[in-house]
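Trainee: Sequential numbering of the sequence shown, starting at 1, is according to the UniProt record's numbering.
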Amino acid sequence: METNEEKILKLEFYQELLLSVTNTAYPFYSLIINNKLSKKEVEEIFYLCKHLNNEYEKQKEEGFVTFFPLLTHFVGMLNYKLDPFQTLGALHDQGIYRDLTNELIKASKQT
């Protein structure tokens with residue numbers, strides 16, 4: 001009979017295997033798992049992205065052509081466990097707020 005510790009180790013191994021399979025299809029979710037974020041922390045990231053996306057849409061309508069202040073806000077408010085630029089790439093590659101992340105990635109390359 002397996003001990004609880006053995007079961008946990010097996011589950012962790014299976015999780016690693018699944019993560020390696022889904023890493024390219026779901027890079028943001030992989031980032032979440034690798035950095036051990038809680039559900040609340042992930043919800044905060046989605047709230048931040050939603051807020052910034054609304055601001056991006058508003059600024060775009062007003063004719064803004066550079067979105068560096070939004071990048072600064074993203075970097076400053078993102079959870080400390082995540083690298084901002086790796087996170088932007090993962091969000092973009094997974095298709096989450098793609099227009100916003102595209103602009104923020106462009107802004108990051110202008111620095």
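By construction, the Cβ of each residue, glycine as well, lies at the ideal position given by its N, Cα and C atoms.
Just so it is clear, the structure is predicted and the values come from calculations on it, not from any experiment.
(1) Any contact of the stretch 11-18 with the stretch 48-66, i.e. 3+ C-beta pairs under 8 angstroms?
(2) What did DSSP end up calling residue 87 once you bin it into helix, strand or coil?
(3) Classify residue 32 as helix, strand or coil using the three-state DSSP reduction.
(4) Checking 8 angstroms against the spacing of the C-beta atoms, do residue 52 and residue 70 come in under that value?
(5) What runs of the alpha helix (DSSP H), each 4 residues or longer, lie entirely inside the stretch 31-80?
Mentor: This is what the structure gives:
(1) no
(2) helix
(3) helix
(4) yes
(5) 39-61, 68-77
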